[in-house]
Amino acid sequence: MGSRKRLSNEKIKEAKKEIASAKLNNVPTSPRKMRLVTDIIRGVEIQKALGILKYTKNHASIRLEKLLLSAIANWQVKNEGADIEEAGLYVKTISVDSARQLKRIRTAPQGRAHRIRKRSNHVTLVLGTKEDKQKVQD
């Protein structure tokens with residue numbers, strides 16, 4: 030590998046060290062139902078987001094709570110000496126993308142068939158610190 034590529038690769042690695050993220054693939058919930066819950070916690074501090082997810086009735090909130098806890102654990106691994114409360118972590122970005130669809134057939138009247146699309150999605154969650162938030166606002 031050339032020196033130019035190596036240098037750019039090192040810059041990318043340094044940038045990724047500051048970002049704590051978690052990804053959830055092939056969740057058997059429709060993306061529309063998942064987005065209803067993700068929109069509630071976008072930009073919210075992690076303690077408040079965990080409380081929201083714990084008391085939300087939607088089924089998607091259970092999976093998102095686990096994903097948020099995973100992202101917090103990933104942040105702790107990258108920042109071993111830091112304290113979570115002092116860092117002021119918040120949900121920087123959370124995105125829901127559609128994944129594969131399982132296509133099934135349901136019987137319909139007069140010998141016909143209707144197609145049923147069982148949708149699934151991918152969720153990506155990125156945490157940020159309050160320092161990042163201040164940089165964006167300035």
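To convert a position in the sequence shown, counted from 1, into our numbering, add 29.
Ideal Cβ positions, reconstructed from N, Cα and C, are used throughout, including at glycine.
Quiz item: Could you give the uninterrupted runs of the beta strand (DSSP E) lying entirely in the stretch 60-145, keeping only those of 3 residues or more?
Solution: 119-136
Practice problem: Report the option in Leu65, Glu94, Lys52, Asn87 whose CA atom is closest to the CA atom of Gln76. | Solution: As a first step, residue 76 must be located in the sequence shown, where it is residue number 47. Measuring from the Cα of Gln76, the nearest candidate turns out to be Glu94.
Practice problem: Measure the alpha-carbon distance for Glu39 versus Trp104 and round it to whole angstroms. | Solution: Within the sequence shown, numbered from 1, the residue matching residue 39 stands at position 10. Within the sequence shown, numbered from 1, the residue matching residue 104 stands at position 75. Roughly 20 Å between the two C-alpha positions.
Quiz prompt | Ala116 to Ile41 span [Cα, whole Å] | solution = Counted from its first residue, the sequence shown places residue 116 at position 87. Counted from its first residue, the sequence shown places residue 41 at position 12. Rounded to whole angstroms, Ala116 to Ile41 spans 22 Å at the Cα level.
Practice problem: Can you give me the Cβ contacts of Leu65 inside the same chain, cut-off strictly under 7 Å, excluding the 5 residues immediately before and after it? | Solution: What you label residue 65 is simply residue 36 of the sequence shown in a count that begins at 1. Around Leu65: Asn87.
Quiz item: With which residues is Ala38 paired in a DSSP beta bridge?
Solution: Your numbering for residue 38 matches position 9 in the sequence shown. Reading off the sequence, residue 38 comes out as Asn, not Ala. In the DSSP output, where bridge partners are listed per residue, Asn38 has none listed.
Self-check item: Closest residue to Leu126 among Val106, Leu36, Asp112, Val56 (Cα-Cα distance)
Solution: Within the sequence shown, the letter at position 97 stands for residue 126. One detail in the question is off: residue 126 reads as Asp in this sequence, not Leu. Of the listed residues, the one whose Cα sits closest to Asp126 is Val56.
Self-check item: Ile69 versus Lys121, Ser32, Ser50, Asp112, residue with shortest Cα-Cα distance
Solution: Taking the first residue of the sequence shown as 1, we reach residue 69 at position 40. Residue Lys121 is the option with its Cα nearest to Ile69.
Quiz item: Exposed or buried, which one is Ile123 when buried takes at least 16 other CB atoms within 10 Å?
Solution: Position 94 of the sequence shown, counted from the start, is the residue given in the question as residue 123. Ile123 should be labelled buried.
Quiz prompt | Residue burial classification, Asn150 (beta-carbon count within 10 angstroms, cutoff 16) | solution = Position 121 of the sequence shown, counting from 1, holds the residue named residue 150. That one is buried.
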